[in-house]
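Engineer: Numbered per UniProt numbering, the sequence shown spans residues 1 to 428.
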Amino acid sequence: MKVLVIGPGGREHAIIRSLLNDPFVTEVHAAPGNAGIAADVQAHAVDAQNPEAVLALARELQSSLVIVGPEAPLAAGVADALTAANIPVFGPSQAAAQLEASKAFAKEIMAIAGVPTAMARVATDAVSAADALDAFGAPYVVKDDGLAAGKGVVVTGDREEALAHAAECFAAGGSVVIEEFLDGPEVSLFVLSDGRHAVPLAPAQDFKRIFDDDQGPNTGGMGAYSPLEWLPEGFVDDVMERVAGPTINAMADRGTPFTGVLYCGLALTRRGIRVIEFNARFGDPETQAVLARLKTPLGSLLLAAAQGTLDDVEPLTWRPETAVGVVVASAHYPDAPVTGDVITGLDEAAALEGVSVLHAGTAVNDAGATISAGGRVLAVVGLGKSLSSARERAYAGIAKIGLAGSQHRTDIALRAEQGKIIVEPEGH
Ligand code: AMP
Ligand code: GLY
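1. Within 7 angstroms of any Cβ in chain C, is that where the Cβ of Gly223 sits?
2. Give every residue of the same chain whose Cβ lies closer than 6 angstroms to the Cβ of Lys400, excluding the five residues on either side of it in the sequence, and list them in chain order.
3. Just to confirm, is the Cβ distance from Val381 to Gly325 under 7 angstroms?
4. Do Gly299 and Ser330 have their C-beta atoms within less than 7 angstroms of each other?
5. Look at the Cβ atom of Lys143, then the Cβ atom of Val177, and state whether they are nearer than 7 angstroms.
6. So is the beta-carbon of Asn279 under 6 angstroms away from any non-hydrogen atom of the ligand PLP?
7. Reducing DSSP to helix, strand and coil, say where His13 ends up.
8. For a minimum of 4 consecutive residues, which ranges assigned as the alpha helix (DSSP H) are wholly contained in the segment 7-92?
9. For Leu387 and Thr259, I'd like the C-alpha separation in whole angstroms.
10. Between Gly173, Asp134, Phe136, Phe181, which has its C-alpha nearest Val153's C-alpha?
11. Rounding to the nearest angstrom, what Cα-Cα distance links Glu71 and Glu286 in this structure?
12. Mapping DSSP to helix, strand and coil, what is Ile343?
13. Would you call Gln215 buried or exposed, if buried means 16 or more other Cβ atoms sit within 10 Å of its Cβ?
14. Using the beta-carbon count (16 or more within 10 Å), is Gly340 buried or exposed?
15. Taking the C-alpha atoms as reference points, what is the distance between Gly150 and Met222?
16. Tell me whether Asp284 counts as near the ligand GLY, meaning its Cβ is closer than 6 angstroms to at least one heavy atom of that ligand.
17. Kindly examine the ligand AMP and report whether one of its heavy atoms sits closer than 6 angstroms to the Cβ of Lys208.
18. Can you say whether Ala190 is buried or exposed, counting buried as having 16 or more other CB atoms within 10 angstroms of its CB?
19. Between the alpha carbons of Gly405 and Ala379, how many angstroms are there, rounded?
20. Taking Asp145 and Lys103 to be in contact with their CB atoms under 8 angstroms, please state how far apart those CB atoms are, rounded to whole angstroms.
21. Do Ala363 and Ile371 come within 7 angstroms of each other at the CB atom, strictly closer than that value?
22. Taking only heavy atoms of the ligand GLY into account, decide whether any of them is closer than 6 angstroms to the Cβ of Gly10.
Dropping the structure here:
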């Protein structure tokens, strides 16, 4: 099978590494990729968000499967163009990708499907925003109603800051969704869907804030680990029954079946599981941790999702180890990432036992050196027998990497290692 992977990031690099281990995959190509991806497979300088350009490349390469990584190409209709040309594609249509592209649409589907989520109101001006903030009270949650790569959300105790974020979104011509605050630990669960059948991967936890102890602004994600030992038994079944199943059915019923991965961003609150958000793609950096443990050949699995045959797939198999991924971000990420600096120690990190280095925003300069080219630059993944050993390995890898002014969190998976994550029993 010849596979083409669309996207430039760490998630795509993790998918490609996994495909290279699939005995049924004979060729892997990427577009546009990054420095790390180009070192592993052939990368093509094609605009990922141009459906015609992606289709032309898939035709030229005679791809048997195209995997679309990020949300922007999905929202631009890349999957639709491939489907129309009968090329199997893993990733939803433009219409189904609305589950991520519009928070208001996602809320509507959840209401139809009876899926538990935060109470929310859409506001289009300062007056309705203030009303909604006061109705729910502090802490305030204000979300830009569009694609913002995880950075369009402000959670704050400061009413003025909440109003200022709403005003910014209105000024840009958008609306906002204002929500009740959900307490409790967060979990990301990736559910593969072929439009009718669904198969969950292993749950992961992401770290959204830039600084240790969940301080500072939200980012796309600064680290992740999987599996989550502290989850209550039956958690994944519950999510399938109460969240993923009903959502996938509702999407099929309205004539926009969801094919690809439904990313369920969940909070385990005192009142039970609540959906924080849906995404229409794999999470980044959770994918780097989750796929490090997947033994089932990935290409065949995603092809089954693309072709409507997920029902025939054998139960997934996983390595027993734990995976911890730590992101190296540029100086001044997320506000104004500095790029163009040389990265050192990549080979030394990757040579350590149980360590892999996945590239995100990287490029090669004229002198042939690997340089930073984005906000999130790398994810260093440690795979170990226990959470402590996986953390140790990831941070041993991080210690080898040099990048001027770079930032990383030192507490990825730390509270889990210390047994400090508490899930309140429902109703308490
Ligand atoms: P989103 O882009 O919707 O995932 O939001 C980004 C992050 O903001 C989430 O991962 C949460 O940490 C936080 N967040 C979003 N919505 C809520 C909410 N209703 N209550 C508490 N935290 C939230
Ligand atoms: N890690 C969060 C996301 O991919 O949206």
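Where is the CB? At the ideal position from N, CA and C, for every residue including glycine.
Structural biologist: Taking the coordinates as given:
1. Checking the listed chains, one finds no chain C in this structure; it contains a single protein chain.
2. Here residue 400 refers to the residue found at position 400 when the sequence shown is read from its first residue. For Lys400, where only same-chain residues beyond five positions count, the Cβ hits under 6 angstroms are Gly345, Glu348, Ala349.
3. Reading the sequence shown from its first residue, position 381 is the one you call residue 381. Reading the sequence shown from its first residue, position 325 is the one you call residue 325. Yes, these two residues count as a Cβ contact at 7 angstroms.
4. As a working note, residue 299 is residue 299 in the sequence shown. As a working note, residue 330 is residue 330 in the sequence shown. Cβ distance not < 7 angstroms, so Gly299 and Ser330 don't count as in contact.
5. Residue numbering aside, residue 143 sits at position 143 when the sequence shown is read from its first letter. Residue numbering aside, residue 177 sits at position 177 when the sequence shown is read from its first letter. In this structure, Val177 lies closer than 7 angstroms to Lys143 by Cβ.
6. Annotation note on the ligand PLP: not contained in the displayed structure, which lists the ligand AMP and the ligand GLY as its ligands.
7. Counting from 1 along the sequence shown, the entry for residue 13 is found at position 13. If DSSP states are grouped into helix, strand and coil, His13 belongs with the helices.
8. 10-19, 35-40, 51-61, 71-75, 78-84
9. In the sequence shown, residue 387 corresponds to position 387, counting from 1. In the sequence shown, residue 259 corresponds to position 259, counting from 1. So the alpha carbons of these two residues sit roughly 33 angstroms apart.
10. On the sequence shown, position 153 is the one that residue 153 refers to. Residue Phe181 is the option with its Cα nearest to Val153.
11. Within the sequence shown, the letter at position 71 stands for residue 71. Within the sequence shown, the letter at position 286 stands for residue 286. When rounded, the distance between both Cα atoms is 15 angstroms.
12. Translated into positions along the sequence shown, residue 343 becomes position 343. In this structure, Ile343 counts as coil in the three-state DSSP scheme.
13. Locating residue 215 in the sequence shown gives position 215, counting from the first residue. That one is exposed.
14. Indexing the sequence shown from 1 puts residue 340 at position 340. With fewer than 16 other Cβ atoms within 10 Å, it is exposed.
15. Stepping through the sequence shown from its first residue, residue 150 is reached at position 150. Stepping through the sequence shown from its first residue, residue 222 is reached at position 222. In this prediction, Gly150 scores a pLDDT of 49, lower than 50, which makes its location untrustworthy; no coordinate-derived value is stated.
16. Position 284 of the sequence shown, counting from 1, holds the residue named residue 284. Yes, the Cβ of Asp284 comes within 6 angstroms of a heavy atom of the ligand GLY.
17. Your numbering for residue 208 matches position 208 in the sequence shown. Yes, since a heavy atom of the ligand AMP falls inside the 6 angstroms radius drawn around the Cβ of Lys208.
18. Here residue 190 corresponds to residue number 190 of the sequence shown, with the count starting at 1. In the sequence under discussion, the amino acid at residue 190 is Phe, which differs from the Ala named in the question. Buried, because 16 or more other Cβ atoms sit within 10 Å of the Cβ of Phe190.
19. If you number the sequence shown from 1, residue 405 lands on position 405. If you number the sequence shown from 1, residue 379 lands on position 379. Computed Cα separation, rounded: 16 angstroms.
20. In the sequence shown, residue 145 corresponds to position 145, counting from 1. In the sequence shown, residue 103 corresponds to position 103, counting from 1. About 5 angstroms; that satisfies the 8 angstroms criterion.
21. Stepping through the sequence shown from its first residue, residue 371 is reached at position 371. Stepping through the sequence shown from its first residue, residue 363 is reached at position 363. Yes, they are a contact pair.
22. Along the sequence shown, read from residue 1 onward, the residue named residue 10 stands at position 10. Checking the Cβ of Gly10 against the ligand GLY gives no.
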